[in-house]
Structures are given as structure tokens and as C-alpha cells.
Amino acid sequence: ILDVQSQESPTFVAIKLSCTSSERFSALSQALLQITDAEVAELFRQYKSGQKTAKMFGMNIWSLLKSYENGMGVKKVATLGDVPDGAYLACYGELLNLETIQSKNLTCLIVRPSKQCWRLISQLDHFVNGIIAGAACGKLQESFVYACFGPKTLEHPEHLLAETLSSAFSHATDDKRLVKDIYAVDGYI
1 ILDVQSQESP TFVAIKLSCT SSERFSALSQ ALLQITDAEV AELFRQYKSG
51 QKTAKMFGMN IWSLLKSYEN GMGVKKVATL GDVPDGAYLA CYGELLNLET
101 IQSKNLTCLI VRPSKQCWRL ISQLDHFVNG IIAGAACGKL QESFVYACFG
151 PKTLEHPEHL LAETLSSAFS HATDDKRLVK DIYAVDGYI
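In terms of the UniProt record's numbering, the sequence shown opens at residue 1 and continues consecutively.
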């Protein structure tokens, strides 16, 4: 199905694979303006070599169409100061400055928190932990533990498996809509 040597542009082939027929025309016109064939060809190469699953491939195409920088669907910023007050922040492994996160009223989700992060988080009044699919984090592994804290988190939500970062935030905060503006500081995701 995924033939990089095809006569069709890799962008066109990717859109055919990742969209329903009613979405294709809109997606194609957007993609032609935003995605380079080199980006899509690299995604194809990673998929064919086994570095990406079909789900991760689809998430990466979606991210390119939405102008996000990676398959996690986050907006990368240079520093924690660039994250708007009251926003959603995603980190992988390590936590940024806890005092700054709290002063900016950020709701923070840490995927696969380190032992040091767990020590800091466990001292907070409340936090939520759960499981998130590896594909949501751009990883091939099946799932990871996450911890979420901040002013919007619930004290005792039901434990569910989140498929995306957005659904993990929605679950942890009981926000029924999908969280769209998720930020990540470069080097922490």
C-alpha cells in the first residue's frame, strides 16, 4: 500500500490513506500548502522500516496537517515562559520548574515521570495518574504511566486508558471537549 516509489506524490498518497473520501479534497488543498514531500517521504520510510506503527503514521500526518511539530500534537515553545497562563503543558520524563508551572496556573501532564518527578508530585494536594498509549507519545511501546496536576485536575477521576494526550488531559480534568492547545517546552518532550 505504501509505495514511496509510486508516481503519485507521497503527500497525496498519505492523504488518501489518512482521510475519508469526504475529507480528502480539503485535506489535500491544506497539505499542498503546508507539507513538503520530503516530510511525508520520511514518514513513509519510518513506517516501512517498522519505526512507526500505522497509528503513529496517521497521527504524524494529522499533526503535519494541523501544523503541529510532531505526532504528539503539541505546540513546541522555546521556554516555559512562552506557555500562556492557564494552558496545558506536556512533558516527558522530567518536570520543568514546579514553582513557575504553579504560578502560571498550568495543568501539567508528565508522561513516564522520573523518580524525582514522582517525589515532587506526591507532595502536591492532589494529582491524577493513569495510562497513556505509547503512540500518543510518538513511541512504539504499548503504554506509559502519566501523572497530571494543576488547577483543573480532578481529585478522584475514573481510571481509563488514554489514547492521546488530549484525551488524557480531558480525563484528568473532566473536560468533555478535546483539549486542543497543548504546549511542550523544547527538550522536555
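For every residue, glycine included, the Cβ atom is placed at its ideal position computed from N, Cα and C.
Quick check on residue i: buried or exposed, where buried means 16 or more other Cβ atoms within 10 Å of its Cβ?
{"i": "Leu124", "result": "exposed"}
{"i": "Pro113", "result": "buried"}
{"i": "Ser29", "result": "Unreliable placement is indicated for Ser29, whose pLDDT of 49 sits below 50; the coordinate value is still reported in the next sentence. So Ser29 counts as exposed."}
{"i": "Gly58", "result": "buried"}
{"i": "Arg177", "result": "exposed"}
{"i": "Thr153", "result": "buried"}
{"i": "Phe54", "result": "The sequence as given places Ala at residue 54; Phe does not occur at that position. It counts as exposed."}
{"i": "Thr79", "result": "exposed"}
{"i": "Gly150", "result": "buried"}
{"i": "His171", "result": "buried"}
{"i": "Gly71", "result": "Residue confidence is low: Gly71 scores 47 on pLDDT, short of 50, so the model does not pin down where it sits. Its coordinate-derived value is still stated next. Buried, since its Cβ has 16 or more Cβ neighbours within 10 Å."}
Since I believe residue j is in contact with residue i (beta carbons under 8 Å), could you give me their beta-carbon distance rounded to a whole number of angstroms?
{"i": "Val128", "j": "Cys148", "result": "5 Å"}
{"i": "Leu160", "j": "Ala136", "result": "Actually they are not in contact, since the Cβ atoms of Leu160 and Ala136 sit about 13 Å apart, beyond 8 Å."}
{"i": "Leu120", "j": "Ile101", "result": "At roughly 10 Å, the Cβ-Cβ gap does not stay under 8 Å, so Leu120 and Ile101 are not in contact."}
{"i": "Asp179", "j": "Phe144", "result": "Checking the sequence shown, residue 179 turns out to be Val, not Asp. Not really, about 18 Å apart at Cβ, beyond 8 Å."}
{"i": "Asp181", "j": "Val77", "result": "Contact flag wrong, Cβ pair sits at about 11 Å."}
{"i": "Glu155", "j": "His126", "result": "5 Å"}
{"i": "Tyr183", "j": "Val74", "result": "6 Å"}
{"i": "residue 221", "j": "Asp82", "result": "No information on residue 221 is available, as it lies outside the stretch 1 to 189 that the chain covers here."}
Could one say the Cβ of residue i lies closer than 7 Å to chain D's Cβ atoms, at least one of them?
{"i": "Lys115", "result": "Reference to chain D is not applicable here, since this structure consists of a single protein chain."}
Based on the DSSP output, what are the partners of residue i in its beta bridges?
{"i": "Ile110", "result": "Cys91, Ala147"}
{"i": "Lys75", "result": "Tyr183"}
| field | Complete beta strand (DSSP E) runs within the stretch 129 to 179 (minimum length 3 residues, chain order) | value | DSSP runs (the beta strand (DSSP E)) wholly in the stretch 129 to 179: 143 to 149.
| task | Evaluate the contact criterion for the stretch 125 to 133 versus the stretch 88 to 100: three or more CB pairs, one atom per stretch, below 8 Å. | result | In the pairwise beta carbon analysis, the stretch 125 to 133 is classified as not touching the stretch 88 to 100: fewer than three pairs are separated by under 8 Å.
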